[in-house]
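Below you'll find the structure, written out as structure tokens, and then a few comments.
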Amino acid sequence: MKTAPALLLCLAPALQAAEGRGSAWDESWPRFRTSEVVVTGLAAAGAAANFYLVPPPRSPAWRGGILFDKGARNTLLSRSEAGRGRAKDLSNLLAYPLIGYSMLDGPITAGWVGGDKDAAIQLSLINAEVFAVTEVLSLAVSNAFPRSRPEGAACDPGSQYDPHCVKSFWSGHTANGFAAAALVCAEHGALGLYGGKADAAACGTSLAAASAVGVLRIVSNDHHASDVLVGAAVGAATGYLMPNLLHFKFKKSSGRLGAWIPHAGPAGGGLTYVQVW
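Using our numbering, count along the sequence shown one by one with no gaps and you end on 754.
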């Protein structure tokens, strides 16, 4: 297992920067409320119910692309089945570690490295709330408003999630990826977990990974571009706005939340950088 030492080496500079600094929870910030515990529990239960108990839709409520979907597809779609498969695998390899990193980064850095167990608990609860809300929204909408996946999409008939290829809207991978990245940006911006440029690097790297996940979901033919853009907006909102509105009050959040978003039109396609100030 050579990856573990390599990962520790990559994390060492950031951990050294955080060591001894602490990540004290600002006394002016509201702590995690009882109402939020209830919301998190209900959201988690709702997500589980939508996945395990609600039968997946058998037919789409709407089909085909809208606006720029066709142009984005023509620009980004891999023309080979093998290429689409690799893009799908790569999107998974980026999305799941990004989500795991965002869930563990704040609590571990604050609690283990900074010695601030109280901040670690607060961040753990915030992280759980963000992903519970993001997931219940994604699953509920995909069940309530089934959209056919792009033409030629490969779906597993034995899948419990989407056997009939009609849960394209919105992109759950992208929503969770951007929720993770935005959460990293919010927590590093508010608490300065690593200190200095290391916080900006954590935010920027996470946003780049989330953007790559979104693009790859189009390359792999799993989603329309509009699915990806809506998923990115939802994830950015839950991951960045919820912690700041409910707790951090945007304090010290001088960094700019931004991402590269795919676009396409009659004259061609490309990437556009979008920032939230």
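Every residue gets a Cβ at the ideal spot worked out from N, C-alpha and C, and that includes glycine.
Nothing here was measured: the structure is a model prediction, and the numbers come from that model.
LYS547 has its alpha-carbon roughly 11 Å from the corresponding atom of GLU628. Around PHE528, the same chain offers LEU616, GLN637, TYR638 as residues with beta carbons nearer than 8 Å, after the five sequence neighbours per side are excluded. At a Cβ-Cβ threshold of 8 Å, ALA564 and SER697 count as neighbours. For ALA609, the closest alpha carbon among the candidates GLY673, GLY712, THR586 is that of GLY712. Annotation for GLY541: no alpha helix (DSSP H) segment contains it, and DSSP assigns it neither H nor E. Nearest to GLY583 by alpha-carbon distance, out of SER688, ASP699, TYR671, is TYR671.
ARG624 carries a strand assignment under DSSP once its states are collapsed to helix, strand and coil.
Bounds of the alpha helix (DSSP H) holding CYS662 are 649-668. The alpha-carbon of SER568 is positioned some 8 Å away from that of HIS650.
Minimum Cα-Cα distance from ALA524 among the listed residues LYS644, LEU614, LYS726 corresponds to LEU614. No Cβ-Cβ contact shorter than 8 Å links PHE622 with ALA709. Judged by DSSP in its simplified three-state form, LYS674 adopts helix. Between the alpha carbons of ARG694 and LEU530 lies a distance of about 26 Å.
Around the beta carbon of ASN551, a 10 Å sphere encloses fewer than 16 other beta carbons of the protein chains shown; the residue is thus reported as exposed.
Each residue's CA atom was taken as its position, placing ALA605 and MET580 some 8 Å apart. The residue from LEU706, ASP704, PHE725 with its alpha-carbon nearest to that of ALA667 is PHE725. Under the 10 Å beta carbon count, GLU504 is surrounded by fewer than 16 other beta carbons and is classified as exposed. With a threshold of 16 other beta carbon atoms within 10 Å, ILE543 falls short and is exposed.
The beta-carbon separation of PHE646 and ASP704, rounded to 5 Å, stays under the 8 Å limit for a contact. Taking 8 Å as the cut-off, the Cβ atoms of GLY716 and ALA658 count as close. For ASP704, the uninterrupted alpha helix (DSSP H) run begins and ends at 702-713, by DSSP.
If you keep only unbroken alpha helix (DSSP H) runs of at least 4 residues inside the stretch 503-540, you get 511-529. For VAL515, the number of other beta carbons within 10 angstroms of its own is below 16, and it is reported as exposed.
8 Å or more divides the Cβ of ILE603 from the Cβ of ASN653.
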